[in-house]
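Asker:
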Amino acid sequence: MSSDPTPVPVAVLGSGMAAMGAAHALRDAGREAVCFDAKSYAGGHTATFDAGHGFLFDDGPHLSFTSDERVAGVFADAVDGRFRTVQAHIDNVWRGHRVRHPVQLNLHGLPPELVVDVLADFVAESTGPQRSVEHYADWLVSSYGRTFAETFPMVYGRKYHTTEPENVTTEWLGPRMYRPDLTEMLTGALDAPREHKHYVTEFRYPERGGFGAYLAGMRRGLDVRLDHRVVGIDPAAGTVRFADGSAVTAEAIISSIPLPDLVPLVDGAPAAVLAAAAALSWSSAMVVNVGVAREDLSPAHITYYYDPDVVFPRLNFPHMLSPHVVPAGAGAIQAEVYHSHRYKPLQQTPEQVVERVLADLRRVGVLREDDEVLVAEARNIEYANVIWDHQRADAVATVHAWLAEVGIARCGRYGDWDHAWTDESYLSGERAAAEVLARTPAAALR
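Quick note on the UniProt record's numbering: the sequence shown kicks off at 1 and runs consecutively.
1) Hey, Ser64 and Phe57: beta-carbon distance below 7 Å or not?
2) Within a Cβ cutoff of 7 Å, which residues of the same chain sit near His228, ignoring the five residues on either side of it in sequence?
3) Just checking, does the region 401-420 make contact with the region 379-388 on the three C-beta pairs under 8 Å criterion?
4) Please classify Val8 as buried or exposed, where buried requires at least 16 other C-beta atoms within 10 Å of its C-beta.
5) Are the C-beta of Ala397 and some C-beta of chain C separated by less than 7 Å?
6) Inspect the CB distances between the region 121-128 and the region 138-145 and report whether three or more fall short of 8 Å.
7) Hey, is the region 262-272 in contact with the region 366-376, meaning 3+ C-beta pairs nearer than 8 Å?
8) Given a threshold of 16 other Cβ atoms within 10 Å of its Cβ, counted over all protein chains shown, does Met1 qualify as buried or as exposed?
9) Do Ala376 and Val436 have their C-beta atoms closer together than 7 Å?
10) Ala42: buried (16+ other C-beta within 10 angstroms of its C-beta) or exposed?
11) Could you please give me the residues that DSSP links to Trp282 through a beta bridge?
12) Nearest-angstrom Cα distance between Arg410 and Ala47?
13) Within the same chain, show all residues whose beta-carbon is closer than 6 Å to that of Ala33, passing over the 5 residues directly before and after it, in chain order.
14) Under the assumption that Ser284 contacts His339 (Cβ atoms under 8 Å), give the Cβ distance between them as a whole number of angstroms.
15) Tell me Tyr338's beta-bridge partners as DSSP assigns them.
16) Taking the alpha helix (DSSP H) that Phe148 falls in, what are its first and last residues?
17) Can you tell me the Cα-Cα spacing of Pro112 and Ser281, whole angstroms?
18) Could you give the first and the last residue of the continuous beta strand (DSSP E) run that contains Val247?
19) Please state whether DSSP places Ala433 in a helix, a strand or coil.
20) Determine the closest residue to Thr85 out of Val364, Thr201 and Arg131, with distance taken between C-alpha atoms.
21) Report the CB separation of Pro61 from Gln334 in whole angstroms; it is logged as a contact under 8 Å.
22) Could you tell me which residues DSSP puts in a beta bridge with Leu56?
23) Buried or exposed: where does Ala276 fall if 16 or more other Cβ atoms within 10 Å of its Cβ makes it buried?
24) By alpha-carbon positions, which one of Ser255, Asp50 and Ala88 ends up nearest to Thr303?
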């Protein structure tokens, strides 16, 4: 270990969207920051990878649909205004029926007996005594009636959250699940004209380079150092130690490292805080990237699958966001297969997951038997989504309070331990920078 740590004004641990928000805010305030990333590439969870044969795939599905004009401007400037604005087309598949999104407002075309049961249950739930909501399953039944809840979102949720809906709270919902009234349900069942009711109506995506192009532009002019895996942090001294034996001493530390990984790295972490960090749950995603010598793969940018025997809960089609992420005349599919260390450990090898995904893509009709598959690869994303189980809130409160006490500012989806979208992650980084600026003398950061 270096006996003479290199001094830096602010050490930002990570190089993804939240880290960029922090670094930009510090730069705008006239302060210097150095971003350190454990990986050999920058961008964190918003990186883009070359899969060969002219195919680019993001590290999971990423879109920009922020309504914050200032943040939208940051994204636009990062790609010098070269982005596409795409009208979102999102749909669903259940037992071969393709339904507009969200399903609860678009029942027309589903089997009549199912529609009748959904509507009858919805009316009964809406007019009966108010249900006590203790968890996500209660909320679904209270909001939609039991038939709809058990046929659609509960099936999807088991694949996406990797645990039963009774084990999930409702704090994460926000605008993600639209709760209709009877008129809206009936209108959709009759296929009458209706207003679009999804929280995403359009999104923006870089013209070239995949979503990672946003991050590449945001890094311009910043000091980003790769292959710096943190192995220890002394918050009292402001020292960050790295696996290569080097170290830096900073006047302030901002971390986007996931909380379960961060806390054990900090010198003197109390047993109660270590236990709280270990109690946190998250899902991982084995994303399967498929390149096909055909572009007419889907009518929708994103499709949700509600059949329990279909391994993926969702597909997205990157070539429909920009044609420059695939070779001419080709199409791309990205399937997500979720697993988790606590609730649903991965039982298959990446090769087996690819085989299963390809088989299901053919079974549901996305792939044809005679399609030429040019690329088929699996990439595991260790941290995909926070699982909002019942121990989350207390555990997060314990960890966050302790980090504030020792003076480590945290940011990002896995530092805040929430369900942040990309723009929210950027803003989280700005908030962490504001915290540092408020408590650290300006002279010390120069």
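All C-beta atoms, glycine included, are put in the ideal place defined by N, C-alpha and C.
Answerer: So, from the data block:
1) Counted from its first residue, the sequence shown places residue 64 at position 64. Counted from its first residue, the sequence shown places residue 57 at position 57. No, the Cβ-Cβ distance between Ser64 and Phe57 is not below 7 Å.
2) On the sequence shown, residue 228 is found 228 positions in, with the first residue counted as 1. Phe36, Asp37, Ala38 and Phe242.
3) Short answer: they touch.
4) Indexing the sequence shown from 1 puts residue 8 at position 8. Burial call: buried.
5) Note that chain C does not occur in the displayed structure, where there is just one protein chain.
6) These segments touch.
7) The region 366-376 and the region 262-272 do not touch, with fewer than three beta-carbon pairs separated by less than 8 Å.
8) The residue given as residue 1 occupies position 1 in the sequence shown. Because Met1 sits at a pLDDT of 43, beneath the cut-off of 50, its placement in the model cannot be relied upon, and the following sentence gives the value as read from the coordinates. That one is exposed.
9) For the purposes of this step, residue 376 is taken as the residue at position 376 of the sequence shown. For the purposes of this step, residue 436 is taken as the residue at position 436 of the sequence shown. Not in contact: Ala376 and Val436 (Cβ atoms no closer than 7 Å).
10) Along the sequence shown, read from residue 1 onward, the residue named residue 42 stands at position 42. Label assigned to Ala42: buried.
11) Within the sequence shown, the letter at position 282 stands for residue 282. Beta-bridge annotation (DSSP): Trp282 is paired with Val386.
12) Within the sequence shown, numbered from 1, the residue matching residue 410 stands at position 410. Within the sequence shown, numbered from 1, the residue matching residue 47 stands at position 47. Their backbone Cα atoms lie some 21 Å apart in a straight line.
13) The sequence position of residue 33 within the sequence shown is 33, counting from 1. Around Ala33: Val10, Val12, Ala23 and Leu26.
14) Along the sequence shown, one-based indexing puts residue 284 at 284. Along the sequence shown, one-based indexing puts residue 339 at 339. Right, their Cβ atoms sit about 5 Å apart.
15) Your numbering for residue 338 matches position 338 in the sequence shown. The beta-bridge partner set that DSSP reports for Tyr338 consists of Ala285.
16) Along the sequence shown, read from residue 1 onward, the residue named residue 148 stands at position 148. Per DSSP, the continuous alpha helix (DSSP H) segment holding Phe148 begins and ends at Arg146 to Thr151.
17) Start at 1 with the first residue of the sequence shown, and residue 112 comes out as number 112. Start at 1 with the first residue of the sequence shown, and residue 281 comes out as number 281. The straight-line gap from Cα to Cα measures roughly 40 Å.
18) Here residue 247 refers to the residue found at position 247 of the sequence shown. The residue you asked about is not Val; residue 247 is Ala in the sequence shown. Ala247 to Ser255 is the span of the beta strand (DSSP E), which, as asked, contains Ala247.
19) Locating residue 433 in the sequence shown gives position 433, counting from the first residue. Here Ala433 sits in helix by DSSP.
20) For the purposes of this step, residue 85 is taken as residue 85 along the sequence shown, with counting starting at 1. Among Val364, Thr201 and Arg131, the Cα nearest to that of Thr85 is on Thr201.
21) To locate residue 61, count along the sequence shown from 1; it is residue 61. To locate residue 334, count along the sequence shown from 1; it is residue 334. 6 Å between Cβ atoms; contact.
22) Walking along the sequence shown from the start, residue 56 turns up at place 56. Asp50, per the DSSP bridge assignment.
23) Residue 276 sits at position 276 when you count from the first residue of the sequence shown. Residue environment analysis places Ala276 among the buried positions, since at least 16 neighbouring C-beta atoms fall within 10 angstroms of its C-beta.
24) Position 303 of the sequence shown, counted from the first residue, corresponds to residue 303. Per the Cα distances, Ala88.
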